[in-house]
Amino acid sequence: MRGISSPLNSGHQFNPEPTPALAYIIGVETGDGFLNQKRRGYQYRIRLRAVDIEFVEAFNQAVAEVLQCRPHRLWKGKKSRETEVEFGSYLLHKFLSQPLQSLTAFIEHCRRCAAAFLRGFFDSEGSIDVSGRALTASNTDIDLLRYVQYLLTVYFGIETTGPRLGTKKGSILTRRGRSYVRKADCYYIYVRRTCVGHFFSEIGLTIQRKTARFEKSIGSWVSVENGKRGEWDSNPRVLTDKGLAILRPTRLGDPRS
Ligand SMILES: [Zn+2]
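Quick note: the sequence shown uses this note's numbering, first residue 352, plus one each step.
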């Protein structure tokens, strides 16, 4: 696929190059709730709707970078708790609609791309319990979860357990503040408790209410201005009004201890 003029002249151009921003988009897109919102007339839309605004904003920045356009305006419905962003790009939509096997070269391009993919995936599919130590990700696609486990182990030495069958088909799923009836069985993977610290230092989550649970569990973390505006950083809290901010532990211990 090349970034030539699109057959339907639909929206922004796209030339697929392996970058962390594109890997992040792929990670978010593999979420169960993503591309299946195909309303009439919206076929070539790249869209994210979620409760956590910093997640939508991170996605907005990543798509804008990949499409080489300005970030788009975020929308919030009157009654909805969710924020939404939407881009039109026939080529990027086509690219993201490919099976994951065709996208692995973009995901595994380098360690930063792998981290960005995993972060997108966990932003979309991850959850952390109130203890801040039980980090899980769920999906209906067991092979996708196995691939995520493979990336965590091989690139970052992060151990997981599962996939285990979690909630069964037909039960109600709440994701991004919205409820769905599950159309397929859902599986979970669990990041080993001893590796959760390592996960946050290597990959991190954009979603602050989830990151906050982890921070609380380990005590004092500080937010540090990174200063490298516009450059992708795989640490937690990518976006602030002032540019990029990252989190660094004040005590550097063995993340596995
Ligand atoms: Zn890369």
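Note that beta-carbon positions come from the ideal geometry of N, C-alpha and C, so glycine has one too.
These numbers were taken from a predicted model, which means no experiment stands behind them.
Asked	Found
Where T504 falls, given that 16 or more other Cβ within 10 Å makes a residue buried	exposed
Selected residue, minimal CA-CA separation from T512, among T518, Y506 and Y501	Y501
D494 burial status per 10 Å Cβ neighbour count (16 or more: buried)	exposed
Ligand 1 heavy atom lying under 6 angstroms from the CB of C537	no
C-alpha gap between T459 and Q559, whole angstroms	First, the residue type needs correcting, since residue 459 is Glu and not Thr in the sequence shown. Each residue's alpha carbon lies about 26 angstroms from the other.
Coil, strand or helix - G428 by DSSP	coil
Top-ranked residue by Cα proximity to G428, from Y395, E566 and I404	I404
The stretch 539 to 556 touching the stretch 467 to 477, judged by at least three CB pairs closer than 8 angstroms	yes
At least 3 beta-carbon pairs within less than 8 angstroms: the stretch 409 to 421 vs the stretch 478 to 487	no
Strand pairing of G439, partner residues [DSSP]	R396
C461 classed as buried or exposed, judged by whether at least 16 other C-beta atoms fall within 10 angstroms	exposed
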